[in-house]
Amino acid sequence: MAAQRRSLMQSHQSWTDALPLCQLCGVGSATNCVYGPDGKGTQSHPNEDGHFRFSTECCFLYGVFNGYDGNRVASFVSQRLTAELLLGQLSAGHTDADVRRILSQAFDVVEKSYFETIDDALAEKASLQTQLPENQKIAERLKALEQEVSGGATAIVALILNNKLYIANVGTNRALLCKTTTDGQNQVIQIGRAHTTDNDDELSRLAQLGLDPVRLKQTGLISGQSSTRRIGDYKVKFNYTDIDVLSAAKQKPIISEPEIQGGQSLEGVTGFLLLMSEGLIKALESAHGPEQVNQEIVAMVAAELAQQSSLEVAAQSVVERVKRLHHDAYVSGRQRAPHCARHEDMTLLIRVINYTLADGSLTPTQGGRIYPVSVPYSNHQSTSKTSVTLSLVMPAQGTLTNGSNTTATLGEDTPTAGLLTPLIPLTVDTLQPISESPDPAPLSDPTPLPPSDPAPLCVCAPPISQSPTATLQSTNTHTQSSSSSSGDGSLFRQRGSQAAQPDETGRVPPYVDFTQFYRLWGSDHSDGQGLSADLGPQ
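What follows is the structure, encoded as structure tokens:
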């Protein structure tokens, strides 16, 4: 096995060239972006994210990697980690303890291997730093060496072995498991927590090394990054005593040891697994606030899976939607705009589990209509565990009605889920207690929206007479009335709760009567060519 690894590393081909890609998953991505005053975006640096998705005779392996200060580490880890896990190390006979040990050892070996690749550059850098810095050639060489050795990456890895799911997390990426329960609910579980100074377990670990947890929490970023676990980044690994907030540590405080969850049995599970890079999470948090990111992402994925026959297209569509929401929040000039001046690289991996895709007969550009659903958010924080239910029910055609504090119903055409219908309902939970927000206000509440920008959830519907209704429910009793905060709610107050009904062509009458305009325009532009003055929307 070791000889096989050395042979692959010495060859010119990638270590992963011979591994078959998994056909049960799709990946979407978008590069980083900085917006100018005119709202136009430009890429500030090359893409630093990485991912893999492989299947073998005994297991499936997936990973999403968020690089920073260059893509060297993310690229190295995404290739080398597969060599440490898929060249005979795993077998069906391994127990949960065996799998966790193998995963942990793989991360340790990968980081040590990475540092071996930059040993010579680090040695040369140390030597040149003892010479006169006024020498221009030396200064240029030092700059080039710093670019070569700097940078790191965070990682989220999913392994399916013996029909059990294992998640290994290092840093700030995220894994969500959505599965249909026996009572017909789609339950979403966030597996693990981000390794930051907001994580009490991480603060406790660092405090045991002699660091001040209060100061760490106040500092937030450590050497430019929020993660307290990361791969690579030689500065925080070897020179942490030179970093003020870390200098009192008894031993290396920033580690690459993964936090491993599993194995969780997938026997009888129907649903999907999501692996998300930090950039995707932060982009949506910046646009709408952090309270309901999990719910929004899962709702977007479910909507795309109901429309698309390709997992790749579904994943890319979700990423593009998040990118568009982030951009729209910036150009809106509203409360969240200052948080949305830029976003980092975004990656989303979707892996379906006994999940039947749609037949692809309906897409947003193939005759359907897109209905935005704005869900107001509350700034109130609750430490209690929250269960949010998002369900699609299938009554006959109805109208838009007002909801109560915990239930809001959206009438009109929403997507027929095809082979996925019905998608009822979806609850959100976490393996570890995390702060959750209270219930969103009713969708059609005529009072002003809260300060936080609403989160548009777009669903596509075919122009048919019988249509489902999207219902958002919450079991949390701690709610915040939208009437207590100001916002741009005039549009909702004017329209009230009466929803216009589509005609036989699937169109909704305009809110403004343009009859007089079309009559005058027709009379002014008829110019003898037989144009009728009785014009209108065609």
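Just so it is clear: in the sequence shown, position 389 is 416 by the numbering used here, and no numbers are missing.
Built from N, CA and C at the ideal position, the CB exists for glycine as well.
Small disclaimer: the values here were computed from a predicted structure and weren't measured.
Where Asp227 is concerned, the enclosing alpha helix (DSSP H) starts and stops at 227–235. Residue range 320–332 is occupied by the alpha helix (DSSP H) that includes Val328. Fewer than three Cβ pairs drawn from the stretch 359–367 and the stretch 75–84 lie within less than 8 Å of each other, which leaves the two stretches out of contact.
Distances from the CA of Ala234 to each of Tyr267, Pro317, Pro280 were compared; the closest alpha carbon is that of Pro280.
With respect to the 9 Å criterion, Tyr261 and Ile145 are classified as neighbours on the basis of their beta carbons. Spanning the alpha carbons of Asn98 and Asn200 requires a straight line of approximately 16 Å. Fewer than three Cβ pairs drawn from the stretch 322–341 and the stretch 149–159 lie within less than 8 Å of each other, which leaves the two stretches out of contact.
The straight-line gap separating the alpha-carbon atoms of Arg128 and Ser118 is approximately 13 Å. DSSP places Thr181 inside the beta strand (DSSP E), whose first and last residues are 179–188.
Under the 10 Å beta carbon count, Gln252 is surrounded by 16 or more other beta carbons and is classified as buried. Here Cys52 is actually not in contact with Ile380; their C-beta atoms are around 10 Å apart, not less than 8 Å. For Lys206, the enclosing beta strand (DSSP E) has its first and last residue at 201–207. If you draw a straight line from the Cα of Val320 to the Cα of Ala202, it is about 12 Å long. Taking a cut-off of 8 Å for Cβ pairs, the stretch 130–138 and the stretch 215–222 do not touch, as fewer than three such pairs fall below it. Asp228 is classed as exposed because its beta carbon has fewer than 16 other beta carbons within 10 Å across all chains shown.
By the CB criterion at 9 Å, Leu88 and Leu112 fall inside the cutoff. Annotation for Gln70: Thr58, Asn59, Cys60 place their beta carbon closer than 7 Å to its own, counting only its chain and skipping 5 residues before and after. Here Ser254 has Thr181, Gly198, Thr199, His222, Thr223 as same chain residues with Cβ atoms under 7 Å from its own Cβ, once five neighbours each way along the sequence are excluded. One alpha carbon belongs to Ser304, the other to Gln543, and they sit about 53 Å apart.
Annotation: the continuous alpha helix (DSSP H) that includes Thr109 extends over 99–112. Residue range 123–144 is occupied by the alpha helix (DSSP H) that includes Thr144. DSSP lists no beta-bridge partner residue for Glu175. Excluding residues up to 5 positions away in sequence, Thr224 lie with their Cβ nearer than 6 Å to the Cβ of Lys244 in the same chain. Just so you know, the alpha carbons of Leu46 and Asn190 end up roughly 20 Å apart. Under DSSP, His72 forms no beta bridge with any residue.
Distance from Ser105 to Gly90 at the Cβ level is roughly 6 Å; contact confirmed, criterion being Cβ atoms closer than 8 Å. Leu273 sits close to Leu238, with the two beta carbons spaced by under 9 Å.
Close CB contacts of Glu331 within its chain, under the 6 Å cut and outside five residues either way in sequence, are with Ala341, Ser344, Val345 (chain order). By alpha-carbon distance to His72, the top candidate from Glu371, Ala110, Glu84, Asp271 is Glu371. Inter-residue distance for Leu172 and Asp125 is about 39 Å (C-alpha atoms, whole angstroms).
The C-beta of Gln334 has 16 or more other C-beta atoms within 10 Å across all chains shown, which makes the residue buried. If you look at Ser336, you'll find it isn't in any alpha helix (DSSP H); DSSP assigns it neither H nor E. Gly259 is the residue among Ser250, Ala314, Gly259, Gly68 whose C-alpha sits nearest the C-alpha of Asn93.
In this chain, the beta strand (DSSP E) harbouring Val91 covers 86–95.
Phe142 and Ala310 have their C-alpha atoms roughly 31 Å apart.
Across the set Asp96, Val54, Leu130, Val176, the C-alpha of Leu130 shows the shortest separation from the C-alpha of Arg107.
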